[in-house]
Amino acid sequence: MRVLAIDHGKARAGCAISDPTGTIARPLGVIESPDPQKVAELVAEHDADLVVVGLPVSLGGAEGAQAAEARAFRDELATIVDVPVDTYDERLTTRMAEGSARAGAEAPADALAAAHLLESYLRHRERATKPTE
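Residue 12 is where the sequence shown starts when you use the working numbering, and the numbers rise one by one after that.
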């Protein structure tokens, strides 16, 4: 399952994609002026099976105006793509991306944040589908 992750922001959206097995995440780049139609083009171009939009919540779990904007973006995107569109907690992904950038990662910070979001989502999904012993 190929998953496309979007780190939605007011000015730009970072994008990342998984490999076809849904195991490895890599940054794709940045969409200036986030546009659901541009994301739909990425879905088609990369044959994504699922889109995950980062949901910015506080460390305490509260949602604010940015979370409402991310949900509205998700809702609009869901009307123009033929794959499921979900949200996933993006707490600390920007901070992780800043650390990756300081460590020499070449991708834009927003794309790195999307890759961290996607890695977190893929790990969560893997844990949720593993049988308990």
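All C-beta atoms in this analysis are idealised placements derived from N, C-alpha and C, irrespective of residue type, glycine included. Please read these numbers as outputs of a predicted model, since none were measured by experiment.
3 or more residues per run - each beta strand (DSSP E) lying fully within the region 31-105:
As for any beta strand (DSSP E) of minimum length 3 sitting wholly inside the region 31-105, the runs are 36-43, 61-66 and 96-100, ordered along the chain.
Only counting the same chain, and skipping five residues up and downstream in sequence, which positions put a Cβ closer than 6 Å to that of L128?
Excluding sequence neighbours, L128 sits near A16, D18, G65, E101 and T104.
Separation of L39 from A114, as counted between CA atoms
Residue placement at A114 is poorly supported in this model, since its pLDDT is 44, which falls under 50; the coordinates are not used for a value here.
Are V50 and I42 closer than 8 Å when you measure CB to CB?
It is a contact, given that the beta carbons lie within the stated cut-off.
From A27 to A124, what distance separates their C-alpha atoms?
A27 and A124: Cα-Cα distance of roughly 9 Å.
Quick check on DSSP: helix, strand or coil for A124?
DSSP, read as helix, strand or coil, puts A124 in helix.
Measure how close the beta-carbons of G71 and P45 come, nearest whole angstrom, since I'm counting them as under 8 Å.
Their Cβ separation, rounded to whole angstroms, is 26 Å, which puts G71 and P45 out of contact at 8 Å.
Comparing C-alpha positions only, which one of M12, A118 and Q48 sits nearest to L88?
Here the closest residue by C-alpha is Q48.
Would you call the CB atoms of V94 and A139 closer than 8 Å?
Taking 8 Å as the Cβ cut-off, V94 and A139 do not qualify as a contacting pair.
Count the other CB atoms, across all protein chains shown, that sit within 10 Å of the CB of A22; report buried if there are 16 or more and exposed otherwise.
With fewer than 16 Cβ atoms within 10 Å of its Cβ, A22 is classed as exposed.
Considering only residues of the same chain and omitting the five flanking positions on each side of A81, which have a CB-CB separation below 8 Å?
Same-chain partners within the cutoff: H19, V64, G65, L66, P67 and T98.
For S29 and R85, I'd like the C-alpha separation in whole angstroms.
A straight line joining the alpha-carbon of S29 with that of R85 spans about 19 Å.
In terms of residue numbering, what span does the beta strand (DSSP E) encompassing A27 cover?
Note, A27: beta strand (DSSP E), R23 to S29.
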